Amino acid sequence: MIYGPRLPRLGTFEAWRDAARALASNGVAPDDVDWGMEDADAGLFGAGAPLPPPRDIKVPKGFVTLAKQVCAHRDAGVHDLLYRVLLRCADTRGLLSNRADAEVQQLEAWAKNIRRDMHKMKAFVRFREVTPQGANRRQFISWFEPDHRIEELIASFFTRRFGDMDWVIVTPEVTTRFEGGDLSHEAKASSKLDLNDETEELWKTYYANIFNPARLKIKAMQSEMPKKYWKNLPEAELIPDLIAGAEARMREMQETAPTLPPIRAERILERIPERAALGELHACARCPIGAQATQAVGGVGPPNAPLMIVGEQPGDREDLEGVPFVGPAGQLFDQLATEARLDRTQAYVTNSVKHFKFTPRGKKRIHQSPHKTEVEACRVWLEQEIAQVQPAFILALGATAAQTLTGDGSALMTRRGRVERGREGLPVLITLHPSAVQRANDGGALREMLVKDLRLGAKMLNDVKAL
Ligand code: URA
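Add 1163 to the 1-based position in the sequence shown for the working numbering, that's all there is to it.
Okay, here's the thing in structure tokens:
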């Protein structure tokens, strides 16, 4: 008898799982099953015989995760091979960890294609704002053409990342909606949306500005942003011209580069303590600030610190030493933290932005606040640090850190001294930046506020440690 399960476009994995359970628990051999998608040609065997009633079967731990990814692959053989491997798992212990097994290798290769497709979708979805007047949530729409059937797998990334707005992502086969906090998918054929509007012009201007000719590596760029995605990326049409003009712009950058104080820099660089490893941070060119700075400054502190302290960006001294909060603002912070009995050694200390932004004035380098787009471009590094350290709570020093961590840019003075929920769901204690205290001419009022907030931080830290 031949069985011919037909799987729906949405809920493919769940349908495959149910059918595989019914077939496997009744001892049906792989050659007696003709798998297919509902919308595909019914095949030689159509829907085949009705499936037998399912019984319980044991499935190894990693299999479900692997099967969920593989089921999203477009190759017509995925469901059959998954079923074969599922049956073999019952006889061969540890089969999934056997990298030499050709069938396991094939499944892993398909899963890798899916993860890559998801990575590309995360990176290249561009939303266009379509909020009507008077709406209480902002609304966005996007068009994307994934290689595989990944819309359901990827949706939770977008709900987490853009949870505070309504959005629709349209692909050629599925429309995903997130409205008022509810997620839904609809299997529906769509043709390319024309999203050309002024938002795209803004994006193009931004991209042209962050494009760093000194870091141009055409091969790496094309592998990260393969040509097939270019047609839906507003900035892509700029790439050929930017590449063509890169050499001239690089020469111009070299001629206008500020002169750093080399002797001092060398002396200080010799004393750099160990820095946090943050993957590609030191080659980051996601915004233009890095081209000017001496180096990227990652966080320092215990790798599993219960407290993370986040400032704005490294200053002149931090830029040279490669360590956050070692200059005047950091020294003041240390003094006030001691006064508030906040143990700084328990904290992982870092910044929202990892490069020093400045304007040269003679031999001096004058701090410049980072632009919103630069803070946003840098956020991935902070997110990585939070994921690695997993602090129990975060102390946000100043408006930039508060906005980066909570997504809320409203006035700092009405929020300081309070604990808010951060984007990653962690408690964020908001306070002033020590440099605001340095600049203030207010008889010590801001200083007192900062010490008061740090005392609260010290109490929170003690409570966490007592748990
Ligand atoms: N200010 C900050 O926000 N961070 C530093 O590392 C130094 C000064």
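Each residue gets a CB set at the ideal place from its N, CA and C atoms; glycine is no exception. As the structure is a prediction and not an experimental result, all values here were calculated from the model.
{"query": "Here's a check: name, in chain order, each residue in its chain whose Cβ is nearer than 7 angstroms to the Cβ of MET1284, leaving out the five neighbours to either side.", "result": "PHE1307, PRO1309, ILE1313, ILE1317"}
{"query": "Considering only heavy atoms of the ligand URA, does any lie closer than 7 angstroms to the CB of ASN1514?", "result": "yes"}
{"query": "With the ligand URA as the reference, list in chain order each residue whose Cβ lies under 7 angstroms from any of its heavy atoms.", "result": "VAL1460, GLY1474, GLU1475, GLN1476, PRO1477, GLY1478, GLU1481, PRO1487, PHE1488, GLY1490, ALA1492, GLY1493, ASN1514, LEU1560, GLY1561, HIS1596, SER1598"}
{"query": "What does DSSP give as the partner residues of ILE1165 in its beta bridges?", "result": "Answer is none; ILE1165 lacks a bridge partner."}
{"query": "In whole angstroms, give me the CA-to-CA distance for ARG1618 and LEU1609.", "result": "14 angstroms"}
{"query": "On a Cα-Cα basis, can you pick out the residue from GLN1566, ALA1239, ARG1279, LYS1221 that is closest to PRO1256?", "result": "A quick correction: the sequence has Arg, not Pro, at residue 1256. The shortest C-alpha separation from ARG1256 is found at LYS1221."}
{"query": "Count the other CB atoms, across all protein chains shown, that sit within 10 Å of the CB of PRO1425; report buried if there are 16 or more and exposed otherwise.", "result": "Bear in mind that a pLDDT of 42 at PRO1425, under 50, signals an unreliable position, so the number given afterwards is only what the model happens to contain. Under this definition PRO1425 is an exposed residue."}
{"query": "For the alpha helix (DSSP H) holding HIS1282, just list the boundary residues, first then last.", "result": "1265–1287"}
{"query": "What is the DSSP secondary structure of LEU1250, reduced to helix, strand or coil?", "result": "helix"}
{"query": "Quick check for students: name the residue ranges of the alpha helix (DSSP H) that lie wholly in the stretch 1466–1499, counting only runs of 4 or more.", "result": "1479–1484"}
{"query": "In angstroms with no decimal places, state the Cα-to-Cα distance between GLU1266 and PHE1496.", "result": "58 angstroms"}
{"query": "Rounded to the nearest angstrom, what separates LEU1249 and ARG1172 at their Cα positions?", "result": "22 angstroms"}
{"query": "What residue ranges within the stretch 1303–1365 form continuous beta strand (DSSP E) runs of no fewer than 3 residues, ordered along the chain?", "result": "1329–1333, 1337–1342, 1345–1350"}
{"query": "So if DSSP puts GLU1583 in a beta bridge, which residue, or which two residues, is it bridged to?", "result": "VAL1591"}
{"query": "Grab the span of the beta strand (DSSP E) containing PRO1558 for me, first residue to last.", "result": "The displayed chain sequence assigns Leu, not Pro, to residue 1558. Counting along the chain, the beta strand (DSSP E) containing LEU1558 begins and ends at 1556–1560."}
{"query": "Would you check if the distance between the CB atom of THR1563 and the CB atom of ARG1586 is smaller than 8 angstroms?", "result": "no"}
{"query": "Give the single residue among ILE1549, LYS1622, GLY1580, GLY1606 whose Cα lies nearest to the Cα of LEU1560.", "result": "GLY1580"}
{"query": "If I'm right that PHE1303 touches GLU1292 with Cβ under 8 angstroms, what's the distance once you round it to whole angstroms?", "result": "5 angstroms"}
{"query": "By alpha-carbon positions, which one of CYS1450, ALA1183, ASP1181, ASP1219 ends up nearest to GLU1104?", "result": "Since the displayed the chain opens at 1164 and closes at 1630, residue 1104 lies outside it and no answer follows."}
{"query": "In terms of alpha-carbon separation, which member of SER1515, LYS1535, THR1457, LYS1527 lies closest to GLU1557?", "result": "Note that residue 1557 is Ile in the sequence shown, not Glu. Here the closest residue by C-alpha is SER1515."}
{"query": "Is LEU1173 helix, strand or coil by DSSP?", "result": "coil"}
{"query": "Take ASN1261 and list the residues in its own chain whose beta-carbon comes closer than 7 angstroms to its own, dropping the five residues that flank it on each side.", "result": "VAL1267"}
{"query": "Going by other Cβ atoms of all chains shown within 10 Å of its Cβ, with 16 needed for buried, is ARG1427 buried or exposed?", "result": "With a pLDDT of only 44 at ARG1427, under the threshold of 50, the placement of this residue in the model should not be trusted; the figure read from the coordinates follows. ARG1427 comes out exposed."}
{"query": "Give me, in chain order, the residues of the same chain whose beta-carbon lies closer than 8 angstroms to that of ARG1251; leave out the 5 immediate sequence neighbours on both sides.", "result": "LEU1258, GLU1266"}
{"query": "Which of the three DSSP states, helix, strand or coil, is assigned to ALA1428?", "result": "At ALA1428, the pLDDT of 46 sits below 50, so the modelled position is not reliable and the matter cannot be decided from this model."}
{"query": "Since GLY1632 sits in a beta bridge, which residues does DSSP pair it with?", "result": "The chain is shown only over 1164 to 1630; residue 1632 falls outside these bounds and no answer can be derived."}
{"query": "Mind checking LEU1545: buried by the 16 CB within 10 Å criterion, or exposed?", "result": "buried"}
{"query": "Distance, Cα to Cα, MET1623 vs LYS1275?", "result": "42 angstroms"}
{"query": "Is the beta carbon of ALA1459 closer than 8 angstroms to that of HIS1445?", "result": "yes"}
{"query": "Among the candidates LYS1615, ALA1235, VAL1473, whose CA atom is the shortest distance from the CA of THR1513?", "result": "VAL1473"}
{"query": "Quick one, which of LYS1520, LEU1505, ASP1506, PRO1465 has its alpha-carbon nearest ARG1480's?", "result": "LYS1520"}
{"query": "When you compare each of GLY1525, ASP1506, ALA1272 to LYS1628 by their alpha carbons, which one comes out closest?", "result": "ASP1506"}
{"query": "Have a look at GLU1437 and LYS1391 and give me their C-alpha separation to the nearest angstrom.", "result": "Low confidence applies to GLU1437: its pLDDT is 39, below 50, so where it sits in the model is not reliable, and the reading given next is rough at best. The alpha-carbon atoms of GLU1437 and LYS1391 are separated by roughly 41 angstroms."}
{"query": "Confirm, please, whether the CB-CB distance from ALA1510 to GLY1464 is below 8 angstroms.", "result": "yes"}
{"query": "Rounded C-beta distance between TRP1179 and LEU1170? I'm assuming under 8 angstroms.", "result": "6 angstroms"}
{"query": "Quick check on DSSP: helix, strand or coil for VAL1191?", "result": "coil"}
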